[in-house]
Ligand SMILES: *Cc1c(COP(=O)(O)O)cnc(C)c1O
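Residue numbers (the working numbering): 5 to 375.
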């Protein structure tokens with residue numbers, strides 16, 4: 005028998021979450037953001053569940069090529085645009101739309117030989133100070149692009165730094181509206197947090213756009229945990245990580261567990277040894293969080309990890325599940341067979357991280373099944 009760890013991808017949950025994003029922005033078209041190999045889920049695995057989107061947004065040219073190979077004929081947007089001159093040839097060949105965020109990318113377009121002009125998304129740096137033209141540079145960039153025969157329609161976009169928190173989007177929205185007013189073209193503004201928090205019926209910010217760009221919500225995690233859980237947002241988890249108990253130890257009071265002996269049993273207790281470690285993508289919790297442990301489901305019952313997570317194994321307290329022994333089902337996140345759920349956001353938070361990072365980190369050695 006092979007090592008019992010496996011990841012499950014719930015295809016129906018992808019469809020549900022896509023519909024949930026649309027519900028908050030019913031007039032907008034949806035870029036399904038599938039960068040980082042669909043946030044660790046695998047582009048080819050999520051394709052079926054997300055093909056109801058209006059387009060796919062990503063940044064790796066190999067991933068764009070993979071999507072075309074899957075048969076996707078609709079729009080594909082390169083979120084960071086091209087990285088070097090010859091990338092533009094692939095854009096022409098595969099009909100990829102691309103972001104233009106710096107003058108070097110305009111220089112490359114200006115010398116690109118193509119029969120078909122490109123659809124581009126001109127990016128404004130509205131305050132995040134990562135990619136994009138500043139408001140002062142924006143109009144000149146638009147004018148230069150607009151004069152190029154290589155360029156077809158120009159759409160306008162920006163990215164929010166604080167859509168998930170108390171700062172919100174108002175200031176960046178003002179900057180975007182000021183920099184883009186009376187420029188023609190479609191607009192794209194909102195990531196997951198902006199879609200859920202600033203576009204729903206309860207939204208005050210007046211965010212409207214032609215294209216929304218949800219990422220993490222499609223995979224059923226919350227962009228603003230712990231303020232809201234995925235369940236609060238009516239999202240369904242797409243990824244489940246499950247394994248089994250492959251060893252059981254009966255500890256006496258004072259016995260320790262694992263590397264560094266960081267956990268010492270306060271009383272006699274039974275622990276399960278689980279076939280999952282940091283080489284599978286599970287977080288090796290930081291020293292501060294190791295004492296509290298990370299929540300985990302054994303036979304669908306909530307308990308916690310004890311001691312350090314090692315490369316291939318971790319250990320869990322079996323006290324709340326006295327019937328569980330060798331072979332017991334362990335759900336690291338997602339859905340247990342008995343229907344119980346453990347949110348990836350909660351697991352990530354216990355290790356000082358976010359759901360995004362955990363799903364992206366799923367290791368290639370973990371076999372994945374679509375269900
Ligand atoms: C990753 C990304 C998104 C999606 O972000 P989520 O928080 O996952 O919704 C949207 N727009 C851009 C430019 C991105 O890089």
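Note that CB positions come from ideal geometry on N, CA and C, so glycine has one too. Since the structure is predicted, the reported quantities are computational estimates derived from the model, not experimental observations.
- In the DSSP assignment, residue 139 falls outside any beta strand (DSSP E) and within the unbroken alpha helix (DSSP H) covering 139-150.
- Inclusion of residue 220 in the 7 Å shell around ligand 1 follows from its C-beta lying nearer than that to a non-hydrogen atom of the ligand.
- In the three-state DSSP reduction, residue 127 falls in the strand class (E or B).
- Taking the C-beta atoms as reference points, residue 101 is found no nearer than 8 Å to residue 217.
- Judged by DSSP in its simplified three-state form, residue 36 adopts strand.
- Counted as a single uninterrupted DSSP element, the alpha helix (DSSP H) harbouring residue 184 occupies residues 174-184.
- Burial check for residue 263: the Cβ neighbour count within 10 Å stays below 16, so the residue is exposed.
- For residue 28, the enclosing alpha helix (DSSP H) starts and ends at 15-28.
- Between the stretch 57-76 and the stretch 28-45 there are three or more inter-stretch CB-CB distances shorter than 8 Å, so the stretches are counted as touching.
- With fewer than three CB-CB distances shorter than 8 Å, the stretch 5-13 does not count as touching the stretch 195-205.
- The continuous beta strand (DSSP E) containing residue 157 extends over residues 155-162.
- Within a 10 Å sphere around the beta-carbon of residue 312 sit 16 or more other beta-carbons, which makes this residue buried.
- Residue 315 carries a coil assignment under DSSP once its states are collapsed to helix, strand and coil.
- When only Cα atoms are considered, residue 285 and residue 337 end up about 12 Å apart.
- Contact check between the stretch 179-186 and the stretch 137-155: three or more CB pairs, one atom from each, fall below 8 Å, which counts as touching.
- With contact defined as three or more Cβ pairs closer than 8 Å, the stretch 330-349 and the stretch 232-249 are in contact.
- Checking the 7 Å criterion, the Cβ of residue 196 is within range of a heavy atom belonging to ligand 1.
- In this chain, the beta strand (DSSP E) harbouring residue 253 covers 243-255.
- For ligand 1, no non-hydrogen atom lies closer than 7 Å to the CB of residue 86.
- Judged by the Cβ position, residue 163 qualifies as a neighbour of ligand 1 at the 7 Å threshold, a heavy atom of the ligand being closer than this.
- Three or more Cβ pairs closer than 8 Å define a contact, and the stretch 253-268 falls short of that threshold against the stretch 70-90.
- Under the three-state reduction of DSSP, residue 330 is assigned to coil, being neither helix nor strand.
- Set against 7 Å, the gap from the CB of residue 227 to the closest heavy atom of ligand 1 is smaller.
- A distance below 8 Å separates the beta carbons of residue 33 and residue 58.
- Counting the other CB atoms within 10 Å of its CB gives residue 117 a total below 16, which places it among the exposed residues.
- When only Cα atoms are considered, residue 52 and residue 224 end up about 16 Å apart.
- Listed in chain order, the non-local C-beta contacts of residue 274 below 6 Å within the same chain comprise 254, 322, local neighbours out to five positions each way being set aside.
- By DSSP's assignment, residue 275 forms a beta bridge with 253, 321.
- Annotation: the continuous beta strand (DSSP E) that includes residue 102 extends over 101-104.
- Within the DSSP secondary-structure output, residue 299 pairs in a beta bridge with 308.
- For residue 362, the uninterrupted alpha helix (DSSP H) segment begins and ends at 359-364.
- Beta-bridge analysis with DSSP links residue 239 to no other residue.
- For residue 301, same chain residues with a beta-carbon under 6 Å away, outside a window of 5 residues either side, are 335, 340, 344, 346 in chain order.
- Per the coordinates, the alpha-carbon of residue 367 lies some 18 Å from the alpha-carbon of residue 220.
- Residue 117 has its Cβ no nearer than 7 Å to any heavy atom of ligand 1.
- For residue 80, the enclosing beta strand (DSSP E) has its first and last residue at 80-82.
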